[in-house]
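Asker: A single structure is presented below for examination.
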Amino acid sequence: MDPGSQPSSSTTNKIERRLIEKNRRNHMKMLYSKLNSLLPNYNPKEALPLPDQVDEAINYIKNLEEKVKTAKEKKDGLLERMGRKRTRGGGRDGSGCSNTKPPQLEVHETGSCLEIVMTCGLENQFIFYEIIRILNEENIDVKSANSSLLGDSMIHVLHAEIPPLLIQFGATKVSERLKRFVNGSASDIELLQPEFWDFEIDTDIWSF
11 MDPGSQPSSS TTNKIERRLI EKNRRNHMKM LYSKLNSLLP NYNPKEALPL
61 PDQVDEAINY IKNLEEKVKT AKEKKDGLLE RMGRKRTRGG GRDGSGCSNT
111 KPPQLEVHET GSCLEIVMTC GLENQFIFYE IIRILNEENI DVKSANSSLL
161 GDSMIHVLHA EIPPLLIQFG ATKVSERLKR FVNGSASDIE LLQPEFWDFE
211 IDTDIWSF
């Protein structure tokens, strides 16, 4: 058989390496594109250079981690105060019975805008901070939060923006997750029967 009729082993190896490298690059492009699409300011028509995409993703992740850390610290602080109150025993009426009001949640979606209204008793404010944490986890950008006192209840109104890629199904997923959490928290609160926490309630607008 003529040796020239078949490619040499070195040529075959070169072709295989080129093919592997091409597949690797295509796979990396796909991963970078997917990562970039998760950013809140993603615009497929104005794609940034690859190094800028990576830098923006890193900055966004760091900012998100800081928000989650802050929300967790607030939640832990409130839960700690609730624990100290529980050790003293009794309910807010002094009879050992709790007058806790179960939280109520409403989620309204208009295009990319999301409005969340939660009404709850003064003793379960940690739910509000947990809602913000969940929104951050779901890549929902919280724009503002307005808290107001009405009798012995608090009304929290959050305005957020849904990323373009999540508009179709993201709002439904987030709404279901929030409702599951709030309903589960209501059951836990009924079992815990905590007293009021000794902190001041602010009625103010928070900007994010």
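In my numbering, the protein residues as written are 11 to 218. Backbone N, C-alpha and C define an ideal beta-carbon position, used for all residues, glycine too. As the structure is a prediction and not an experimental result, all values here were calculated from the model.
#1: Secondary structure at residue 125, three-state DSSP: helix, strand or coil?
#2: Compare the Cα-Cα distances from residue 147 to each of 81, 154, 20, 126 and report the closest residue.
#3: Quick one: what does DSSP say residue 63 is sitting in, helix, strand or coil?
#4: Measuring straight from C-alpha to C-alpha, what distance separates residue 79 and residue 50?
#5: Is it true that the CB of residue 46 sits closer than 8 angstroms to the CB of residue 67?
#6: Helix, strand or coil: how does DSSP classify residue 171 here?
#7: Exposed or buried, which one is residue 20 when buried takes at least 16 other CB atoms within 10 Å?
#8: From this set, 43, 132, 90, 64, which residue's C-alpha is nearest residue 159's C-alpha?
#9: Can you list, in chain order, the residues of its chain with a C-beta nearer than 7 angstroms to that of residue 153? Leave out the 5 residues immediately preceding and following it.
#10: Just mark residue 166 as buried or exposed, buried being the case when its beta carbon has 16 or more other beta carbons within 10 Å.
#11: Just the Cα atoms here: how many angstroms apart are residue 114 and residue 134?
#12: DSSP three-state label for residue 18, please.
#13: Would you mind working out which of 186, 141, 156, 174 sits nearest residue 84, comparing C-alpha positions?
#14: Could you pull the DSSP bridge partners for residue 25 from this structure?
#15: Is it the case that the Cβ atoms of residue 58 and residue 42 are separated by a distance below 8 angstroms?
#16: Under DSSP, the beta strand (DSSP E) around residue 119 begins and ends at which residues?
#17: If we count the other Cβ atoms within 10 Å of its Cβ and call it buried at 16 or more, is residue 88 buried or exposed?
#18: What is the C-beta distance between residue 173 and residue 149, in whole angstroms, given that I count them as a contact (C-beta under 8 angstroms)?
Answerer: Result, derived from the coordinates:
#1: Reduced to three states, the DSSP call for residue 125 is strand.
#2: For residue 147, the nearest C-alpha among the options comes from 81.
#3: DSSP, read as helix, strand or coil, puts residue 63 in helix.
#4: Distance between the alpha carbons of residue 79 and residue 50: 20 angstroms.
#5: Going by C-beta atoms, residue 67 is nearer than 8 angstroms to residue 46.
#6: The three-state secondary structure of residue 171, taken from DSSP, is strand.
#7: Classification for residue 20: exposed.
#8: Nearest of 43, 132, 90, 64 to residue 159, Cα basis: 132.
#9: So the list reads 169, 170, 171, 218, once near-sequence residues are dropped.
#10: Buried, since its Cβ has 16 or more Cβ neighbours within 10 Å.
#11: Distance between the alpha carbons of residue 114 and residue 134 is about 12 angstroms.
#12: Coil, per DSSP.
#13: Nearest C-alpha to residue 84 among 186, 141, 156, 174: 141.
#14: None, per the DSSP bridge assignment.
#15: The answer is no: Cβ separation not under 8 angstroms.
#16: Element bounds for residue 119: 114-120.
#17: Around the beta-carbon of residue 88, 16 or more other beta-carbon atoms lie within 10 Å, marking it buried.
#18: The Cβ separation is near 6 angstroms, so the contact holds.
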